[in-house]
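2 protein chains.
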Amino acid sequence: MVSKKDNNTESDILEAAKNVFQRKGMFGARMQEIANEAGINKALLHYYYRSKQLLFEAVFKQAFGLMAPKLSAIINSELSLEEKIREFTSNYISFVIKHPYLPNFIIQELNSNPQFIEQLVAEKNFPDIAGFKKQVEEMTAVGKIRPINPNQLFVNIMALNVFPFIGKPLLKGFTKMDEKTYQEMLEERKTAAADFIINAIKLEQ
Amino acid sequence: MVSKKDNNTESDILEAAKNVFQRKGMFGARMQEIANEAGINKALLHYYYRSKQLLFEAVFKQAFGLMAPKLSAIINSELSLEEKIREFTSNYISFVIKHPYLPNFIIQELNSNPQFIEQLVAEKNFPDIAGFKKQVEEMTAVGKIRPINPNQLFVNIMALNVFPFIGKPLLKGFTKMDEKTYQEMLEERKTAAADFIINAIKLEQ
DNA sequence: GTCTATAGCCAGATAGAC
DNA sequence: GTCTATCTGGCTATAGAC
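Chains as they are written, first to last, in our numbering: chain V, 1 to 205; chain H, 1 to 205.
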């Protein structure tokens with residue numbers, strides 16, 4: 001039995017580190033700022049996590065671990081292709097509206113630390129999408145959807161869901177949307193993004 | 001007349017800085033590494049650009065200035081909506097295949113330096129997309145496309161074009177594509193992404 | 001314009017008291 | 001476990017010779 005009392009400091013640190021790392025990234029973050037946000041002392045960070053690098057990895061793995069299973073659960077469910085797309089889009093956008101820094105954090109760190117990927121793949125942290133690909137091929141074969149490379153469809157689904165969060169400043173610059181309008185646009189995407197995808201692939205019978 | 005000789009060192013520095021900043025970001029980059037890559041001494045960086053911050057801004061503005069006009073030219077052309085989408089998608093993807101670090105660099109820095117946006121907007125560096133929006137509304141009004149919020153369509157177009165570059169490590173992890181397959185997928189997107197968009201909005205008459 | 005040498009600062013990490 | 005004080009290294013920036 002692992003003792004469960006007194007794990008407050010440790011989880012306070014992780015929570016504070018999450019906030020700071022997600023806002024500032026690995027290099028932009030300061031241990032002092034994390035300590036302040038956790039309401040403790042710098043030395044304690046090292047007592048619990050030994051180094052900045054290790055603290056960062058703990059945060060990253062927790063963040064990634066939060067996203068991956070949600071995706072996996074839907075991808076590998078018994079739902080029809082159309083239902084999967086609607087379900088995933090709606091769930092994902094709702095989730096990320098509550099954790100807006102998450103996608104950018106993950107993407108950014110994966111881009112600057114390619115070794116993370118190998119590690120994550122090796123540890124089987126990536127949900128398998130083979131079932132999804134097969135489903136797309138079957139739907140194509142029976143003429144229910146327009147022929148499409150399953151990888152392309154997967155990329156499109158991810159792009160339409162993730163990019164509005166990562167590209168927010170850029171998109172706001174172009175479209176001149178204010179913050180409120182942007183949030184409404186994101187809300188609308190819970191169904192609008194799925195509609196867009198379904199329309200793109202569906203064949204009238 | 002501004003003298004044009006002897007601008008080699010200055011442009012060597014900018015080129016080296018571009019490479020390092022795009023790979024490592026503002027905080028990850030080291031002045032020493034930039035100096036090495038430019039084949040000169042650290043002190044010279046300061047001689048030409050005064051500080052890391054100013055050098056960074058020079059790189060960023062050059063990068064952003066490379067992308068924005070291409071987009072603007074197409075958006076504000078006389079092409080039909082469908083042609084604009086096909087033209088933009090094909091041009092953008094071809095361009096970024098040659099400059100793969102660019103989108104991530106721009107997005108990342110816009111996300112961590114919100115003041116950049118205000119500056120860019122103030123300096124009118126963002127192409128105006130009002131003409132595009134109007135075109136979408138007209139096409140909707142005459143029943144040529146499915147009704148869609150023009151902002152949503154714009155977001156979708158950007159997402160489908162930009163995300164495959166920014167999310168590359170993530171997408172490779174999920175789809176298990178190797179590097180060669182991934183590049184082929186990107187090539188295919190020059191037309192496939194546009195097809196996807198057109199199919200999503202087009203109405204059979 | 002270009003270099004070497006170094007100042008000055010700041011952040012991560014540690015020692016050691018309590 | 002938690003704190004204060006301090007070490008240490010690395011990085012930006014500058015001084016000054018050539």
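Built from N, CA and C at the ideal position, the CB exists for glycine as well.
inquiry  = Taking a contact to mean a Cβ-Cβ separation below 9 Å, would you say M26 (chain V) touches S112 (chain V) in this structure?
reply    = Along the first sequence, one-based indexing puts residue 26 (chain V) at 26. Along the first sequence, one-based indexing puts residue 112 (chain V) at 112. Result yes, Cβ atoms of M26 (chain V) and S112 (chain V) sit closer than 9 Å.
task = Examine chain V for any beta-carbon lying closer than 9 Å to the beta-carbon of N19 (chain H), and answer yes or no.
result = Locating residue 19 (chain H) in the second sequence gives position 19, counting from the first residue. With 9 Å as the cut-off, N19 (chain H) does not count as an interface residue toward chain V.
message = Let me make sure I understand the geometry here. Which of V:N125, V:Y49, V:Y47 and V:V142 has the alpha-carbon closest to that of K70 (chain V)?
response = One-based indexing of the first sequence puts residue 70 (chain V) at position 70. Taking only the C-alpha atoms, the option nearest K70 (chain V) is V:N125.
task = Indicate whether at least one CB of chain V lies closer than 9 Å to the CB of N149 (chain H).
result = Locating residue 149 (chain H) in the second sequence gives position 149, where the first residue counts as 1. Cβ-Cβ to chain V under 9 Å: yes for N149 (chain H).
ask   = Which residues, taken in chain order from the stretch 152–164 of chain H, show a beta carbon closer than 7 Å to some beta carbon of chain V?
value = Q152, F154, V155, N156, M158, A159, L160, V162, F163 and P164
query = According to DSSP, what are the bridge partners of I145 (chain H)?
reply = Taking the first residue of the second sequence as position 1, residue 145 (chain H) is located at position 145. BP columns for I145 (chain H) point to H:K202.
inquiry  = Which residue marks the beginning of the alpha helix (DSSP H) containing I40 (chain H), and which one marks its end?
reply    = As a first step, residue 40 (chain H) is located in the second sequence; it is residue number 40 there, counting from the start. I40 (chain H) -> no alpha helix (DSSP H), and no H or E assigned at all.
query = Under a three-way DSSP split, which group does F126 (chain V) fall into?
reply = In the first sequence, the residue the question calls residue 126 (chain V) occupies position 126. It is coil, neither helix nor strand.
query = From the beta carbon of P127 (chain H), is the nearest beta carbon of chain V less than 9 Å away?
reply = Locating residue 127 (chain H) in the second sequence gives position 127, counting from the first residue. So yes, P127 (chain H) belongs to the interface.
task = Could you have a look at E109 (chain H) and say whether DSSP puts it in helix, strand or coil?
result = The residue labelled residue 109 (chain H) in the question sits at position 109 within the second sequence. DSSP places E109 (chain H) in helix when its eight states are reduced to three.
Option in V:E78, V:L102 and V:E204 with minimal Cα separation from V162 (chain V) = Here residue 162 (chain V) refers to the residue found at position 162 when the first sequence is read from its first residue. Nearest C-alpha to V162 (chain V): V:L102.
Local conformation of M1 (chain V) per DSSP, three classes = Stepping through the first sequence from its first residue, residue 1 (chain V) is reached at position 1. Model confidence at M1 (chain V) stands at a pLDDT of 40, short of 50, so the residue's coordinates are unreliable; what they give is reported in the following sentence. DSSP, reduced to helix, strand and coil, places M1 (chain V) outside both helices and strands of the structure shown, so it counts as coil.
query = Can you find a CB in chain V that lies within less than 9 Å of the CB of M31 (chain H)?
reply = Locating residue 31 (chain H) in the second sequence gives position 31, counting from the first residue. Answer no: the Cβ-Cβ gap between M31 (chain H) and chain V never drops below 9 Å.
key: chain V contact for P114 (chain H) (CB, 9 Å cutoff)   = Start at 1 with the first residue of the second sequence, and residue 114 (chain H) comes out as number 114. Taking Cβ atoms only, chain V reaches closer than 9 Å to P114 (chain H), which makes this a yes.
For I13 (chain H), the three-state DSSP class (helix, strand or coil) = Counting from one through the second sequence, the residue named residue 13 (chain H) turns up at place 13. Helix at I13 (chain H).
query = Which value, in whole angstroms, describes the spacing of the CA atoms of L186 (chain H) and D178 (chain V)?
reply = By one-based count along the second sequence, residue 186 (chain H) stands at place 186. By one-based count along the first sequence, residue 178 (chain V) stands at place 178. For L186 (chain H) and D178 (chain V), the distance between alpha carbons rounds to 33 Å.
ask   = If you draw a straight line from the C-alpha of K5 (chain V) to the C-alpha of N151 (chain V), how long is it?
value = Numbered from 1 along the first sequence, position 5 holds the residue referred to as residue 5 (chain V). Numbered from 1 along the first sequence, position 151 holds the residue referred to as residue 151 (chain V). With a pLDDT of only 46 at K5 (chain V), under 50, the local geometry of the prediction cannot be trusted, and the value read off the model is given with reservation. Computed Cα separation, rounded: 47 Å.
Same chain, Cβ closer than 7 Å to R146 (chain V), five either side skipped, listed in chain order = Here residue 146 (chain V) refers to the residue found at position 146 of the first sequence. Taken in chain order, the residues that qualify are I201 and L203.
query = What's the call for L110 (chain V), buried or exposed, on a 16-neighbour Cβ count within 10 Å?
reply = In the first sequence, counting from the first residue as 1, residue 110 (chain V) sits at position 110. Classification for L110 (chain V): buried.
request  = Can you say whether T175 (chain H) is buried or exposed, counting buried as having 16 or more other CB atoms within 10 angstroms of its CB?
outcome  = Your numbering for residue 175 (chain H) matches position 175 in the second sequence. Counting Cβ neighbours within 10 Å, T175 (chain H) comes out buried, since at least 16 surround it.
query = Could you give the distance in angstroms between the alpha-carbon of F132 (chain H) and the alpha-carbon of N149 (chain H)?
reply = Numbered from its first residue, the second sequence carries residue 132 (chain H) at position 132. Numbered from its first residue, the second sequence carries residue 149 (chain H) at position 149. Their backbone Cα atoms lie some 12 Å apart in a straight line.
task = Return the Cβ separation of L234 (chain V) and P164 (chain V) in integer angstroms, given the expectation that the two are a contact with Cβ distance under 8 Å.
result = What is shown of chain V runs 1 to 205, which leaves residue 234 (chain V) out entirely.
query = Roughly how many angstroms lie between the CA atoms of E10 (chain V) and Y48 (chain V), to the nearest whole one?
reply = If you number the first sequence from 1, residue 10 (chain V) lands on position 10. If you number the first sequence from 1, residue 48 (chain V) lands on position 48. Distance between the alpha carbons of E10 (chain V) and Y48 (chain V) is about 7 Å.
message = Which of the three DSSP states is assigned to D195 (chain V) in this structure?
response = Taking the first sequence and counting its residues from 1, the one referred to as residue 195 (chain V) is at position 195. Here D195 (chain V) sits in helix by DSSP.
message = I'd like to check one pair, I74 (chain V) with F88 (chain V): are the Cβ atoms closer than 9 Å?
response = As a working note, residue 88 (chain V) is residue 88 in the first sequence. As a working note, residue 74 (chain V) is residue 74 in the first sequence. Yes, Cβ-Cβ distance for F88 (chain V) and I74 (chain V) is below 9 Å.
query = Checking contacts by CB at 9 Å: is I166 (chain V) closer than that to chain H?
reply = Numbered from its first residue, the first sequence carries residue 166 (chain V) at position 166. It does; some Cβ of chain H falls within 9 Å.
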